[in-house]
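Numbering (our numbering), first residue to last: 72 to 164.
All C-beta atoms in this analysis are idealised placements derived from N, C-alpha and C, irrespective of residue type, glycine included.
What follows is one structure encoded as structure tokens, with my remarks underneath.
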Amino acid sequence: MKRLIVPLMARILIAVFLCVVISLLMAAFAPQFTNDMALGQLENDDMSWATWELWNKLQGAVDWIKVGICAFCTIDCGKVIYTHVKNRKEELN
């Protein structure tokens with residue numbers, strides 16, 4: 072059973088760590104970037120508008136990156152469980 076739990080916990084902890092790091096970086100830098108870009112829009116040029124749109128898309132993409140990390144972790148953990156169960160059945164036969 073230890074051969075199953077240790078790899079699963081390692082994968083889950085890595086996924087949690089990546090999501091936490093991404094969330095902390097966004098929480099630390101997002102307000103500053105948003106404020107700077109909002110003030111930059113006062114110049115009323117095309118590049119300011121394009122930067123603002125890119126920033127909004129990037130914030131949405133970060134959420135999808137975290138969803139992707141969780142999905143990858145779930146699939147990987149499923150593979151580990153499937154392999155463990157399959158090897159266990161072969162050992163019992």
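- Judged by DSSP in its simplified three-state form, M72 adopts coil rather than helix or strand.
- Taking T154 as the centre and dropping the five residues before and after it, the same chain places no C-beta closer than 6 Å to its C-beta.
- Under the DSSP assignment, Q130 falls in the alpha helix (DSSP H) whose first and last residues are D117 to L163.
- Rounded to the nearest whole angstrom, the CA to CA distance from C90 to L129 is 16 Å.
- Our two residues, K157 and L79, have alpha carbons roughly 16 Å apart in a direct line.
- The closest CA to that of I93, considering only E161, D134, M108 and E114, is found on D134.
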